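Reading through the structure tokens given below for one structure.
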DNA sequence: ATGGTAGCCTTGCTA
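In our numbering, the protein residues as written are 3 to 265.
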């Protein structure tokens, strides 16, 4: 069994104690990180490698930034979304590990509507769809995980009314997310859970976490070959409740891959 | 009516 997790840490350096504590306690085999908010030169490689992880980073000063951590080697690494070379923001990293093609992504937020940010979000999603389609053609198991900045349905938000004019719920955003699913990808958490109003993000303001006023925007999408291996998917709420937390909490899934068979 | 919090090394911008 191999565990794959995603976590938007909202600054990897500020969150280093939280991250290391979670690596030590939960010890995922693979972890996709988003919002590093730093360049590769300032990424805390040492502390993470000491815990037995291979690391690949696509950094950016102050904003965005993604990384892949794995207890197995990370092979054929790609930094940046293929086919979208003009994108100047660090939002995508991909590698093969444990026999799975893993893409870690940080989808643009898109707010506020009426600015160039929303069309950028849609354009980014269009490029993700194209690449996701190309990945399917390889017929290998694929996992596309990360902060999608997308609330799939009104069951995934504490108060849909408040998000009516938010980029995370717009029909154009949701249609593109559904296109990904219609290509043949399975959203791991939803495929194994029926309950509504379970969240992966809580705003820092207004005691949102204490009131469970959250949204579910961190997702793990599995190609058919990967979905066949899915046995479990959970949201680990605990890190959000700890001291100086990220506003996101980790989402993880378990795939029935024999760690020893894969190199 | 337009806060409220967090993180960046931009005392504004992004989320």
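Don't be surprised by glycine CBs; every beta carbon is placed ideally from N, CA and C.
Every value quoted in this text rests on a predicted model; they were computed, and no experiment measured them.
Pick out whichever of 85, 66 and 130 has its Cα sitting closest to the Cα of residue 180. As a position in the first chain, residue 180 is number 178, starting the count at 1. Cα-wise, what sits closest to residue 180 is 130.
_Within 8 Å, strictly: CB atoms of residue 199 and residue 168_ = Here residue 199 refers to the residue found at position 197 when the first chain is read from its first residue. Here residue 168 refers to the residue found at position 166 when the first chain is read from its first residue. For residue 199 and residue 168, no; Cβs fall outside 8 Å.
(Q) Taking the beta carbon of residue 107 as the centre, do at least 16 other beta carbons fall within 10 Å, making it buried, or is it exposed? (A) The residue you call residue 107 lines up with position 105 of the first chain. It counts as buried.
Taking contact to mean 3 or more Cβ pairs, one atom from each stretch, closer than 8 Å, check whether the segment 218–231 and the segment 239–253 are in contact. yes
Residue 78 beta carbon less than 8 Å from that of residue 97: Locating residue 97 in the first chain gives position 95, where the first residue counts as 1. Locating residue 78 in the first chain gives position 76, where the first residue counts as 1. In this structure, residue 78 lies closer than 8 Å to residue 97 by Cβ.
Let me make sure I understand the geometry here. Which of 218, 176, 242 and 85 has the alpha-carbon closest to that of residue 120?
Along the first chain, one-based indexing puts residue 120 at 118. Considering only alpha carbons, the answer is 176.
- Query: So who's on the other strand from residue 236, going by DSSP bridges?
  - Reply: Along the first chain, read from residue 1 onward, the residue named residue 236 stands at position 234. Partner(s): 254.
What separation, rounded to the nearest whole angstrom, lies between the Cα atoms of residue 32 and residue 72?
-> As a working mapping, residue 32 is identified with position 30 in the first chain. As a working mapping, residue 72 is identified with position 70 in the first chain. Whole-angstrom Cα-Cα distance: 4 Å.
inquiry  = Just to confirm before moving on: does the CB-CB distance between residue 149 and residue 124 stay below 8 Å?
reply    = Here residue 149 is taken as the residue at index 147 of the first chain, counted from 1. Here residue 124 is taken as the residue at index 122 of the first chain, counted from 1. No, the pair does not count as a contact, with Cβ atoms beyond the cut-off.
- Task: Can you tell me which of 76, 118 and 88 puts its alpha carbon nearest to the alpha carbon of residue 101?
- Result: Along the first chain, one-based indexing puts residue 101 at 99. For the residues 76, 118 and 88, the minimum Cα distance to residue 101 belongs to 76.
Margin query: Let's see if you can read the secondary structure: which residues bound the beta strand (DSSP E) around residue 149?
Written below: Mapped onto the first chain, residue 149 falls at position 147. It spans 144–149 - the beta strand (DSSP E) in which residue 149 sits, taken as one unbroken run.
Open item on the list: Taking 6 Å as the limit between beta carbons, can you name the residues of its chain near residue 86, skipping five residues before and five after?
Closed with: Numbered from 1 along the first chain, position 84 holds the residue referred to as residue 86. The residues are 129.
What is the rounded straight-line gap between the Cα of residue 205 and the Cα of residue 161?
-> For the purposes of this step, residue 205 is taken as residue 203 along the first chain, with counting starting at 1. For the purposes of this step, residue 161 is taken as residue 159 along the first chain, with counting starting at 1. Distance between the alpha carbons of residue 205 and residue 161: 13 Å.
Requested in this report: Consult DSSP for residue 111 and reduce its assignment to one of helix, strand or coil.
Outcome: By one-based count along the first chain, residue 111 stands at place 109. Residue 111 falls in the coil class under three-state DSSP.
Starting from the N-terminal side, write out each stretch of the beta strand (DSSP E) that is 3 residues or longer and does not extend beyond the segment 170–245.
220–224 and 232–237
**Study point:** Contiguous beta strand (DSSP E) assignments of at least 3 residues, all confined to the segment 60–100
**Key:** 68–72, 77–81 and 94–99
- Could you tell me which of 115, 122 and 118 sits nearest to residue 93, measuring between CA atoms? The count along the first chain starts at 1 and reaches residue 93 at position 91. The shortest Cα separation from residue 93 among 115, 122 and 118 belongs to 122.
### Task
Within its chain, find whatever has a CB closer than 6 Å to the CB of residue 8; leave out the 5 residues flanking it on each side and keep chain order.
As a first step, residue 8 must be located in the first chain, where it is residue number 6. Around residue 8: 34, 147, 148, 220 and 253.
Legend entry - residue 262 - containing beta strand (DSSP E), residue span: Along the first chain, one-based indexing puts residue 262 at 260. Per DSSP, residue 262 belongs to no beta strand (DSSP E) and is neither H nor E.
Beta-carbon gap between residue 143 and residue 228 smaller than 8 Å: Walking along the first chain from the start, residue 143 turns up at place 141. Walking along the first chain from the start, residue 228 turns up at place 226. For residue 143 and residue 228, yes; Cβs fall inside 8 Å.
Residue 207 classed as buried or exposed, judged by whether at least 16 other C-beta atoms fall within 10 angstroms
One-based indexing of the first chain puts residue 207 at position 205. Label assigned to residue 207: exposed.
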